[in-house]
Amino acid sequence: MKSVKIVTDSTVDLSKEVLEEHGIEVVPLHFTIDGEAFIDRVTITPDEFMKKMKAAKELPKSSQPSVGEFLEVYDRLGEDGSEILSIHMSGELSGTVRSAQHAATMSKANVTVVDSQYISFALGFQVLEAAQLAKEGKSTAAIVSRLQDVRRHTRLYVVLDTLENLVKGGRVGRGKALVGSLLNIKPIAALADGMYTPIANVRSYSQAIKYLTNQLISDIADKTVRKVAIAHVDAFAFAERLKQSIIEAIGYQHVYIVQTTPVISIHTGAGAIGLMYYTD
């Protein structure tokens with residue numbers, strides 16, 4: 028059986044060490060800040076990005092990798108006859124998966140492209156599962172089938188501290204944002220079927236932590252927790268409080284905390300947090 032190599036994009040929010048350990052290839056997204064171009068996690072780190080975004084005159088703009096960038100990676104990895112499994116952020120949020128699909132049709136390698144329907148560490152859940160199964164010698168078809176199960180049992184919730192970036196990006200009207208600001212409202216949304224759906228509004232981080240913890244308890248009833256992760260945008264203290272709340276509530280100790288990709292930070296603004304987990 029041919030070996031399977033795993034490719035993903037830079038919104039995966041896995042550390043360089045984890046990616047190297049599992050032999051996962053990353054094709055980075057791009058963005059511009061006040062006309063200056065950057066490559067996600069290659070020419071700028073998430074921390075550096077946050078400093079530049081706060082000082083920027085305009086909201087940074089992100090763009091997916093080009094078809095050519097994917098094609099180069101696929102052809103290079105497939106030179107030894109390996110099959111390629113390319114797993115990416117939700118196609119509802121970015122054109123990344125479509126660039127990958129286009130490149131797959133042009134590549135000399137045998138490439139299968141998967142829309143994870145998620146982003147950040149929730150994308151990472153599928154990527155890590157695929158890498159482990161590939162290491163065990165499983166076929167592409169078997170891995171894709173397992174990823175469907177992981178996807179079905181994954182949950183992702185996002186809490187925003189401010190609507191400012193959504194206003195700048197034209198995703199929320201200024202009037203609605205002003206009302207939200209005056210009332211100190213922090214919206215909570217769920218990512219389902221690749222799209223964000225508003226599910227609640229809270230007035231404080233404490234209320235957000237309580238809401239997310241209760242949601243987790245409800246979601247995992249009679250199930251086994253496989254992984255839990257918290258991604259934040261310049262909000263480590265909030266992330267740490269949520270982690271402690273989860274540990275106290277369900278006794279699960281291995282909660283990852285990561286500073287998320289700039290691609291997410293552009294839309295959420297500082298202070299946002301994402302809770303994601305999957306079960307069996």
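For the sequence shown, the working numbering assigns the number 28 to the initial residue and increments by one for each residue that follows. Glycine included, every Cβ here is placed at the ideal spot set by N, Cα and C.
Item	Value
Three-pair Cβ contact test at 8 angstroms for the segment 251 to 260 versus the segment 217 to 227	no
Burial state of D188 (16 or more Cβ within 10 Å)	buried
DSSP state of V94 mapped onto helix, strand, coil	helix
Assigned secondary structure, R103 (DSSP; H/G/I helix, E/B strand, else coil)	helix
Environment of M80 [buried if 16+ CB atoms lie within 10 Å]	buried
Secondary structure, alpha helix (DSSP H): runs of 4+ residues fully inside the segment 251 to 300	263 to 277 and 289 to 295
Contacts around T306, its chain only, beta-carbon distance under 7 angstroms, and the 5 residues preceding and following it disregarded	H180, I247, K250, T251, V252 and R253
Best match in G296, S272, A157 and G108 for proximity to G50 [C-alpha to C-alpha]	A157
Simplified DSSP assignment, three categories, for S308	Limits of the chain in this structure are 28 at one end and 307 at the other, which puts residue 308 out of reach.
For K213, the three-state DSSP class (helix, strand or coil)	strand
Member of S272, E52 and D74 whose CA lies at the smallest distance from the CA of I293	D74
C-alpha gap between Y232 and G301, whole angstroms	13 angstroms
Pair within 7 angstroms by beta-carbon distance, L46 and G151	no
Where I244 falls, given that 16 or more other Cβ within 10 Å makes a residue buried	exposed
For V186, the first and last residue of its enclosing alpha helix (DSSP H)	No alpha helix (DSSP H) holds V186; the beta strand (DSSP E) holding it covers T181 to V186.
Simplified DSSP state of T224, which is helix, strand or coil	strand
F76 - partner residues in DSSP beta bridges	According to DSSP, which records beta bridges pairwise, F76 is partnered with nothing at all.
Beta-carbon proximity of Y184 to L120, cut-off 7 angstroms	no
For L130, three-class secondary structure by DSSP	One detail in the question is off: residue 130 reads as Ala in this sequence, not Leu. The answer is helix: DSSP assigns A130 an H, G or I state.
Proximity of S134 and D107 at Cβ, strictly below 7 angstroms	no
Proximal residues to K88 (C-beta, below 7 angstroms), its chain only, five neighbours per side dropped	F58 and T59
Expected contact under 8 angstroms - CB spacing of S90 and D67 to nearest Å	That pair is no contact at about 10 angstroms.
Element boundaries [beta strand (DSSP E), containing S113]	E110 to H115
Outcome for G202 when other beta-carbon atoms lying within 10 angstroms are tallied against a minimum of 16	Residue confidence is low: G202 scores 38 on pLDDT, short of 50, so the model does not pin down where it sits. No coordinate-derived value is stated.
Residues that DSSP places opposite V54 in a beta bridge	D36
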